[in-house]
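Undergrad:
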Amino acid sequence: MRFLIRPAQQDDVSAIAAVMRAAMEQLPEPDWFVPDDEEYLRAHLAGPAGFCQVATTMDGTLAAYFTVKLAGTAPDALGHYLEMDEAGLCATAQMDSCCVAPLYQGNSLEGKLLLSAEERLRRYPGGPWKCALGTVHPDNLASLYSFLHRGYRIAAADQSCYGGKRRHILRKDWPET
């Protein structure tokens, strides 16, 4: 199956929320994912807070999305778990959230969107971005594989994040350009 990967637009938010709900219904454990509301999604379409990439079918159906959060020194920045200094926090992007609609799972969309988000970061305002962090529940092997297979490593195992939810914090450093 072929997909188009592109930046999300305002008119995608309802479809993104629908994909999130459908994907969450299929999870073996609800703790594997922390949902975002539409306000958060709108704030992370494109701007200083971050951006969102979507994958659509060739007929335009939204199949998956991936948000990137530019948390900087905010209290919820994942870099705090890794004891990053202020400069490190400000040069770090959080590979924040991804959901794939159940009908389109198994097409490597999380990994494709992850790579697309990295490519967009290379030219995104506020950089240069030197590292990316993400979280995955330790039992969510498909998502963990998506990150590890694309050059991320577990930087902090089995941490308590998002109000007590278990997560591995994954990290990928980019060489200076």
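The sequence shown finishes on residue 177 if you use my numbering, and the numbering steps up by one all the way, no holes. Heads up, the beta-carbon is just placed ideally off N, CA and C, and yes, glycines get one too. Values in this document were obtained by computation on a predicted structure and should not be read as measured data.
First and last residue of the alpha helix (DSSP H) that includes R42?
TA: Mapped onto the sequence shown, residue 42 falls at position 42. 38–43 is the span of the alpha helix (DSSP H), which, as asked, contains R42.
Undergrad: With distance defined between alpha-carbon atoms, name the residue in A132, K165, Y65 nearest to E118.
TA: Position 118 of the sequence shown, counted from the first residue, corresponds to residue 118. Among A132, K165, Y65, the Cα nearest to that of E118 is on A132.
Undergrad: Compute the Euclidean distance between the alpha carbons of N107 and K130, then round it to the nearest angstrom.
TA: In the sequence shown, residue 107 corresponds to position 107, counting from 1. In the sequence shown, residue 130 corresponds to position 130, counting from 1. If I take the Cα positions, the gap works out to 29 Å.
Undergrad: Going by the DSSP bridge assignment, what does H168 pair with across the sheet?
TA: In the sequence shown, the residue the question calls residue 168 occupies position 168. According to DSSP, H168 bridges with V136.
Undergrad: Tell me the DSSP bridge mates of R150?
TA: In the sequence shown, residue 150 corresponds to position 150, counting from 1. According to DSSP, which records beta bridges pairwise, R150 is partnered with nothing at all.
Undergrad: Quickly, what does DSSP pair G47 with across the bridge? List them, please.
TA: Locating residue 47 in the sequence shown gives position 47, counting from the first residue. Per DSSP, G50.
Undergrad: Please determine if the stretch 63–71 and the stretch 93–102 are in contact, where contact requires at least 3 C-beta pairs separated by less than 8 Å.
TA: In short, these stretches touch, since the Cβ pair count reaches three.
Undergrad: Could you tell me whether the Cβ atoms of V19 and A142 are closer together than 8 Å?
TA: Along the sequence shown, one-based indexing puts residue 19 at 19. Along the sequence shown, one-based indexing puts residue 142 at 142. Going by C-beta atoms, V19 is not nearer than 8 Å to A142.
Undergrad: On a CA-only basis, which of W32, P125, F3, Q9 is nearest P48? Give me that one, please.
TA: Locating residue 48 in the sequence shown gives position 48, where the first residue counts as 1. Cα-wise, what sits closest to P48 is P125.
Undergrad: Under the criterion of a Cβ to heavy atom distance below 7 Å, does M24 qualify as lining the ligand ZN?
TA: Looking for the ligand ZN in the displayed structure turns up nothing, as the structure carries no ligands at all.
Undergrad: Find the nearest neighbour of D11 within the set I169, A157, C52, Q105, judged by alpha-carbon distance.
TA: The residue labelled residue 11 in the question sits at position 11 within the sequence shown. That would be C52, whose Cα lies nearest to the Cα of D11.
Undergrad: Comparing C-alpha positions only, which one of H149, Y40, V136 sits nearest to R166?
TA: As a first step, residue 166 must be located in the sequence shown, where it is residue number 166. The option with the nearest alpha carbon to R166 is V136.
Undergrad: Identify, in the order they occur along the chain, each residue of the same chain with its Cβ nearer than 7 Å to the Cβ of A93, setting aside the five sequence neighbours on each side.
TA: Looking up residue 93 in the sequence shown gives position 93. The residues are V68, L70, L121, W129, A132.
Undergrad: To the nearest whole angstrom, what separates the beta carbons of L109 and A64, a pair I think is in contact under 8 Å?
TA: For the purposes of this step, residue 109 is identified with residue 109 of the sequence shown, where counting begins at 1. For the purposes of this step, residue 64 is identified with residue 64 of the sequence shown, where counting begins at 1. Correct: roughly 4 Å between the Cβ atoms.
Undergrad: Pick from T61, S14, W32, G79: whose alpha carbon is nearest that of E38?
TA: The count along the sequence shown starts at 1 and reaches residue 38 at position 38. Of the listed residues, the one whose Cα sits closest to E38 is S14.
Undergrad: Can you tell me whether Y145 is helix, strand or coil according to DSSP?
TA: For the purposes of this step, residue 145 is identified with residue 145 of the sequence shown, where counting begins at 1. Correct three-state label for Y145: helix.
Undergrad: If you measure between the beta carbons of Y152 and K172, is that distance less than 8 Å?
TA: For the purposes of this step, residue 152 is identified with residue 152 of the sequence shown, where counting begins at 1. For the purposes of this step, residue 172 is identified with residue 172 of the sequence shown, where counting begins at 1. Their beta carbons are under 8 Å apart, which means Y152 touches K172 by this criterion.
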